[in-house]
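> Chains as they are written, first to last, in the working numbering: chain A, 1 to 251; chain B, 252 to 502.
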DNA sequence: CTTGACATTGACGCAACGTCAACCTGTAAC
DNA sequence: GTTACAGGTTGACGTTGCGTCAATGTCAAG
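#1: Taking the alpha carbon of residue 409 of chain B as the reference point, which residue from B:439, B:450, B:391, B:347 has its own alpha carbon closest?
#2: Between the region 304–316 of chain B and the region 157–177 of chain A, are three or more C-beta pairs nearer than 8 angstroms?
#3: Which two residues bound the contiguous alpha helix (DSSP H) that contains residue 215 of chain A?
#4: Check the Cβ-Cβ distances between residue 414 of chain B and every residue of chain A, and say whether any is below 8 angstroms.
#5: Compute the distance between the beta-carbons of residue 315 of chain B and residue 335 of chain B, then report whether it is under 8 angstroms.
#6: Report the residue from A:71, A:175, A:138, A:44 whose alpha carbon sits nearest the alpha carbon of residue 239 of chain A.
#7: Please report the distance separating the alpha-carbon of residue 94 of chain A from that of residue 191 of chain A.
#8: Buried or exposed: which applies to residue 500 of chain B, given that a residue is buried once 16 or more other Cβ atoms fall within 10 Å of its Cβ?
#9: Determine, using beta-carbon pairs with one atom in the region 319–335 of chain B and one in the region 37–51 of chain A, whether at least three such pairs fall under 8 angstroms.
#10: Identify the contact partners of residue 352 of chain B in chain A, using a Cβ-Cβ distance below 7 angstroms as the criterion.
#11: Candidates B:414, B:256, B:354: which alpha carbon is nearest residue 448 of chain B's?
#12: Would you mind sorting residue 337 of chain B into buried or exposed? The rule is 16 or more other CB atoms within 10 Å of its CB.
#13: By a C-beta neighbour count over all protein chains shown, 10 Å radius and 16 as the cutoff for buried, is residue 350 of chain B buried or exposed?
#14: Please state whether DSSP places residue 396 of chain B in a helix, a strand or coil.
#15: Since residue 286 of chain B contacts residue 301 of chain B with CB under 8 angstroms, what's their CB separation in whole angstroms?
#16: Pull up the distance between the alpha-carbon of residue 192 of chain B and that of residue 486 of chain B, whole angstroms please.
#17: Does any residue of chain A have a CB that is nearer than 8 angstroms to the CB of residue 357 of chain B?
#18: Please work out which residues of its chain come closer than 6 angstroms, Cβ to Cβ, to residue 258 of chain B, disregarding the five sequence neighbours upstream and downstream, and give them in chain order.
#19: If you follow the alpha helix (DSSP H) that residue 249 of chain A is in, where does it begin and where does it stop?
#20: When burial is assigned at 16 or more other CB atoms within 10 Å of the CB, is residue 105 of chain A buried or exposed?
#21: Is any beta-carbon of chain B found at less than 8 angstroms from that of residue 46 of chain A?
#22: Would you call residue 23 of chain A buried or exposed, if buried means 16 or more other Cβ atoms sit within 10 Å of its Cβ?
#23: Please list the partners that residue 334 of chain B has in chain A, where partner means a Cβ-to-Cβ separation under 7 angstroms.
#24: Identify the continuous alpha helix (DSSP H) that holds residue 65 of chain A and give its terminal residues.
#25: Could you give the distance in angstroms between the alpha-carbon of residue 472 of chain B and the alpha-carbon of residue 488 of chain B?
#26: So which of B:389, B:298, B:407 has the shortest CA-CA distance to residue 276 of chain B?
#27: Which residue marks the beginning of the alpha helix (DSSP H) containing residue 343 of chain B, and which one marks its end?
#28: Any beta-carbon of chain A closer than 8 angstroms to the one on residue 473 of chain B?
#29: Give me the Cα-Cα distance between residue 407 of chain B and residue 45 of chain A, rounded to the nearest whole angstrom.
#30: Assuming residue 173 of chain A and residue 310 of chain B are in contact, meaning their beta carbons sit under 8 angstroms apart, how far apart are those beta carbons, in whole angstroms?
#31: Whole-angstrom Cβ separation of residue 246 of chain A and residue 187 of chain A, contact assumed at under 8 angstroms?
#32: Considering Cα atoms alone, identify which of A:139, A:207, A:97, A:4 is closest to residue 33 of chain A.
#33: In terms of residues, what are the limits of the alpha helix (DSSP H) holding residue 436 of chain B?
#34: Show which residues of chain B have a CB atom less than 8 angstroms away from the CB atom of residue 26 of chain A.
#35: Assign residue 242 of chain A to buried or exposed, taking buried as 16 or more other Cβ atoms, counted over all protein chains shown, within 10 Å of its Cβ.
#36: Measuring straight from C-alpha to C-alpha, what distance separates residue 150 of chain A and residue 341 of chain B?
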């Protein structure tokens with residue numbers, strides 16, 4: 001009556017592979033009932049039943065350690081599955097945001113406003129904005145800004161832009177993940193952003209540094225050329241609000 | 252003017268880690284511009300620019316090999332992103348189906364109709380159905396069936412059920428993945444199902460084996476106790492239809 | 001006795017680094 | 001001069017669940 005099966009027989013009956021069974025043995029999830037003199041693994045009815053349950057849980061996506069806990073440590077399958085479902089839900093929202101991000105980038109690429117190919121060495125699209133800057137802040141402001149920029153070495157320019165680029169990346173990421181503007185992460189980003197702005201020469205930073213930053217924030221939102229740096233107006237709004245909170249609590 | 256940076260400086264400026272940069276060097280994705288006498292990696296402006304593009308693409312979820320192809324082999328970023336988006340879309344639908352599957356199982360667990368705990372050794376809920384079988388097919392039919400089942404060794408019973416269990420699993424899987432009833436996979440499953448039925452003794456199988464299978468299929472759909480084996484009526488319908496197609500083309 | 005099917009135990013591979021470990025270097029401080 | 005200490009280097013393991021060789025022993029059949 002006491003029937004034993006070889007590893008292949010078990011694998012075929014259960015619709016899996018012998019490699020998998022040896023793996024389950026190796027990690028202690030499903031040891032065979034006994035070993036023959038020849039060293040062959042031999043499985044009994046209890047092992048087959050256990051295997052069936054293992055495969056059923058695996059089918060649902062549970063990890064092998066979790067399956068072991070359910071089968072051996074009396075962990076409730078219901079709890080394990082509920083936890084897994086939560087994980088998967090998080091995964092789907094993450095994926096959806098990633099897809100949205102890709103779509104935005106693809107659209108930008110098609111429009112030729114590729115963040116991959118442009119503005120690497122143009123310093124904030126510097127000269128491009130000459131007229132506008134002169135109009136809004138006066139010829140003097142542009143001259144100071146221009147002088148400052150040209151005084152930097154290539155290395156400094158590059159480092160400055162590198163930081164800007166990293167910053168933009170991280171802002172977009174934070175926006176996509178929907179973090180809280182007042183939260184730790186967003187505020188850390190705001191701090192980095194402010195630090196980056198401190199690199200500007202004294203002459204360009206007005207006395208009211210806080211007010212200056214708030215003004216910049218507004219500009220990010222209102223000017224689509226800046227807004228694209230932060231995934232559009234939504235992102236720019238996020239950046240502005242995070243900066244605002246930061247300024248109010250730290251400056 | 253030719254400025255070089257150490258690995259830490261680059262890492263900080265770009266918002267990544269030195270470990271990552273050494274990894275990118277190791278796989279040939281971003282070799283440093285030069286090596287100092289001390290063996291230190293030294294990066295130049297071109298490397299920083301390349302790094303920026305790498306990080307931007309990575310941010311979107313592209314794999315490092317794909318990034319390398321985009322940067323070096325002139326593969327279009329647009330194409331790479333389109334392909335990635337497709338992958339991710341598939342992923343989300345997969346995840347959604349998995350979540351649905353988990354929900355079904357959890358509901359079943361809560362109702363106490365746990366596939367984990369029941370009917371391992373009861374042989375098709377055999378005796379439980381005695382009256383019903385006698386009523387529908389006659390006392391004779393039940394007696395034959397009962398004799399057949401009792402004549403099997405434990406090993407045979409177990410193997411038979413094991414196959415049934417694996418079959419059910421795979422059916423549910425196919426249903427959840429939305430495969431085509433006439434497709435290769437569903438037909439292979441139907442073939443396995445029919446093979447499994449062939450284990451029944453001759454006495455139980457009528458002359459019209461094809462018709463017998465079609466009748467079974469209908470029963471799977473109409474009787475909720477069978478339907479639960481295949482994820483409810485929808486699944487059972489799928490099984491019935493797949494069997495029907497199989498019978499019509501192979502029997 | 002040979003052949004083939006099936007068994008065994010390693011060990012690598014996959015994705016993208018994080019995280020030690022063990023050991024130099026460069027620079028500032030005592 | 002030496003002592004720290006920060007920062008550089010090259011390995012190598014760990015992560016998830018097996019697939020896939022590789023090298024070799026065992027068993028039933030011809």
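Note that beta-carbon positions come from the ideal geometry of N, C-alpha and C, so glycine has one too.
Let me spell this out:
#1: Closest option to residue 409 of chain B, Cα to Cα, is B:450.
#2: The region 304–316 of chain B makes contact with the region 157–177 of chain A, as at least three CB pairs between them are under 8 angstroms.
#3: Here the alpha helix (DSSP H) through residue 215 of chain A covers 209–222.
#4: Using a Cβ-Cβ cut-off of 8 angstroms, residue 414 of chain B counts as an interface residue toward chain A, since at least one Cβ of chain A sits closer than that to its own.
#5: Note that the C-beta distance between residue 315 of chain B and residue 335 of chain B is not below 8 angstroms.
#6: Among A:71, A:175, A:138, A:44, the Cα nearest to that of residue 239 of chain A is on A:175.
#7: Rounded to whole angstroms, residue 94 of chain A to residue 191 of chain A spans 26 angstroms at the Cα level.
#8: Label assigned to residue 500 of chain B: exposed.
#9: Result no; under three Cβ-Cβ pairs closer than 8 angstroms.
#10: Those within 7 angstroms of residue 352 of chain B in chain A are 60.
#11: Of the residues B:414, B:256, B:354, the one whose Cα lies closest to the Cα of residue 448 of chain B is B:414.
#12: Here residue 337 of chain B is exposed: its Cβ has fewer than 16 other Cβ atoms, across all protein chains shown, within 10 Å.
#13: The C-beta of residue 350 of chain B has 16 or more other C-beta atoms within 10 Å across all chains shown, which makes the residue buried.
#14: Residue 396 of chain B falls in the helix class under three-state DSSP.
#15: With a Cβ gap of about 17 angstroms, residue 286 of chain B and residue 301 of chain B do not count as contacting.
#16: It is not possible to answer for residue 192 of chain B, since the shown part of chain B is limited to 252 through 502.
#17: Any Cβ of chain A closer than 8 angstroms to the Cβ of residue 357 of chain B would place that residue at the interface, and such an atom is present.
#18: Excluding residues within five positions, the ones whose Cβ falls inside 6 angstroms are 269, 272, 292.
#19: Under the DSSP assignment, residue 249 of chain A falls in the alpha helix (DSSP H) whose first and last residues are 232–250.
#20: So residue 105 of chain A ends up on the buried side.
#21: With a threshold of 8 angstroms between beta carbons, residue 46 of chain A makes no contact with chain B.
#22: Exposed, because fewer than 16 other Cβ atoms sit within 10 Å of the Cβ of residue 23 of chain A.
#23: Within chain A, no residue comes near residue 334 of chain B; the closest Cβ sits about 10 angstroms away, beyond 7 angstroms.
#24: Per DSSP, residue 65 of chain A belongs to the alpha helix (DSSP H) from 64–72.
#25: Spanning the two alpha carbons is a distance of roughly 6 angstroms.
#26: Minimum Cα distance to residue 276 of chain B is reached at B:298.
#27: DSSP places residue 343 of chain B inside the alpha helix (DSSP H), whose first and last residues are 328–361.
#28: By the rule that beta-carbons nearer than 8 angstroms mark a contact, residue 473 of chain B does not touch chain A.
#29: Those two C-alpha atoms are separated by around 11 angstroms.
#30: Sure, about 7 angstroms apart at Cβ, within 8 angstroms.
#31: So it is a contact: roughly 6 angstroms between Cβ atoms.
#32: The shortest Cα separation from residue 33 of chain A among A:139, A:207, A:97, A:4 belongs to A:4.
#33: 435–449 is the extent of the alpha helix (DSSP H) around residue 436 of chain B.
#34: Those within 8 angstroms of residue 26 of chain A in chain B number zero; the least Cβ separation is about 22 angstroms.
#35: It is buried - the Cβ of residue 242 of chain A has at least 16 other Cβ atoms within 10 Å.
#36: Cα to Cα, the separation comes out at about 50 angstroms.
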